[in-house]
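Input: a single structure, listed below in structure tokens.
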Amino acid sequence: MNKIDIRTVDVTQYVHPLREGGSLPAIVKADDGFLYVLKFRGAGQGKKALIAEFIGGEIARAIGLKVPELVFMNLDDSFSKTEPDEEIQDLLKFSVGLNLGLHFLSSAITYDPLVSTTDSLTASKVVLLDSIISNIDRTAKNTNLLQWNKELWVIDNGASFYFHHDWKNWENHLTRTFPLIKDHVLLQKATRLKEAAVEIKNLLSAAKIAEIISNIPEDWLISESDSMSSDDMRAAYIEFINSRYSKIDLLVKEAEDAR
Numbered sequence: 001m002n003k004i005d006i007r008t009v010d011v012t013q014y015v016h017p018l019r020e021g022g023s024l025p026a027i028v029k030a031d032d033g034f035l036y037v038l039k040f041r042g043a044g045q046g047k048k049a050l051i052a053e054f055i056g057g058e059i060a061r062a063i064g065l066k067v068p069e070l071v072f073m074n075l076d077d078s079f080s081k082t083e084p085d086e087e088i089q090d091l092l093k094f095s096v097g098l099n100l101g102l103h104f105l106s107s108a109i110t111y112d113p114l115v116s117t118t119d120s121l122t123a124s125k126v127v128l129l130d131s132i133i134s135n136i137d138r139t140a141k142n143t144n145l146l147q148w149n150k151e152l153w154v155i156d157n158g159a160s161f162y163f164h165h166d167w168k169n170w171e172n173h174l175t176r177t178f179p180l181i182k183d184h185v186l187l188q189k190a191t192r193l194k195e196a197a198v199e200i201k202n203l204l205s206a207a208k209i210a211e212i213i214s215n216i217p218e219d220w221l222i223s224e225s226d227s228m229s230s231d232d233m234r235a236a237y238i239e240f241i242n243s244r245y246s247k248i249d250l251l252v253k254e255a256e257d258a259r
């Protein structure tokens, strides 16, 4: 099993904002010389969106989907002091510390269901990924997929695991499936769901799930508004993912019925 090795880099230059994203992510340069799409801890959904982005991205990678490299990004307070735009200035100020970056795929284009192509097994894997992580935001309106080098790349998983916005009731989600899969942008192309489920079972182990969760930065799990401890939160993420994973045949049937 390949070990997860998440690099930590420092932001050295704020290049420009990506205004198509509601949370105002940005293109930044890091001290390794590469460009990244930086997701800010100070944005609307805060650190929980970074956690969802990280878990979803690493599960996608584990099951053989293409995902840009994810890195932890240190942002210091110098950038907010030189930013003229007040909205961005505030965002930078509230995001000092550890954020999440995705390697920038230069010249990648947004997946368009009307013109872009992908094979049916990849489509089926993405559909089951989003059923497992309860991703409500991979629709025709907002595909959160890229085409790069003639391949499909999975990005933007921050709307997943929505149960963590209300920890008091998170256990209610353990018995559920994911009816919202009916709105998935790739559902019509997902004609090999059973085959995809077999691959996922072979590639995604309980140990891999636990390893992904263990790599969530402790700082992201600490919140004044949450009464749960960080250890309990990690255990809850693991239990939730395992509950979905154990119901993968049900998720396949649900997606097939919706299609």
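The opening position of the sequence shown corresponds to residue 1 in UniProt numbering, with each subsequent residue numbered one higher. Note that the Cβ used here is the ideal one computed from N, Cα and C, for glycine as well. If you're wondering where the values come from, they're calculated on a predicted model, not measured in any experiment.
How should residue i be labelled, buried or exposed, when 16 other C-beta atoms within 10 angstroms of its C-beta is the threshold for buried?
| i | result |
| --- | --- |
| residue 135 | buried |
| residue 51 | buried |
| residue 107 | exposed |
| residue 179 | exposed |
| residue 140 | exposed |
| residue 222 | exposed |
| residue 149 | exposed |
| residue 172 | exposed |
| residue 244 | buried |
| residue 169 | exposed |
Who are the near neighbours of residue i in its chain, counting only those whose CB is closer than 6 Å to its CB and skipping five residues on each side?
| i | result |
| --- | --- |
| residue 213 | 234, 237, 238 |
| residue 7 | 71 |
| residue 118 | 152 |
| residue 93 | 80 |
| residue 69 | 103 |
| residue 255 | 127, 181, 193 |
| residue 60 | 67, 129, 154 |
| residue 268 | This structure cannot settle anything about residue 268, because the visible part of the chain is limited to 1 through 259. |
| residue 47 | 41, 220 |
Within the same chain, show all residues whose beta-carbon is closer than 8 Å to that of residue i, passing over the 5 residues directly before and after it, in chain order.
| i | result |
| --- | --- |
| residue 89 | 80, 83 |
| residue 64 | 125, 199, 203 |
| residue 43 | 23, 24, 25, 49, 91, 95 |
| residue 143 | 110, 111, 112, 113, 185 |
What does a CB cutoff of less than 7 Å around residue i pick up in its chain, not counting 5 residues either side in sequence?
| i | result |
| --- | --- |
| residue 34 | 103 |
Name the two residues that bound the continuous alpha helix (DSSP H) containing residue i.
| i | result |
| --- | --- |
| residue 250 | 248 to 258 |
Check for me: the beta strand (DSSP E) holding residue i runs from which residue to which?
| i | result |
| --- | --- |
| residue 153 | 151 to 154 |
| residue 146 | 145 to 148 |
| residue 10 | 8 to 17 |
If you run the structure through DSSP and keep just helix, strand and coil, what is residue i?
| i | result |
| --- | --- |
| residue 4 | coil |
| residue 159 | coil |
| residue 236 | helix |
Runs of beta strand (DSSP E) wholly within the segment 30 to 71 (minimum 3 residues, chain order): 35 to 39
Note down, one range per segment and in chain order, each alpha helix (DSSP H) of at least 4 residues found wholly within the segment 64 to 140. 78 to 82, 86 to 94, 120 to 133
Hey, which unbroken runs of the alpha helix (DSSP H) at 4 residues or more fall wholly within the segment 193 to 232? 193 to 203, 206 to 214, 218 to 221
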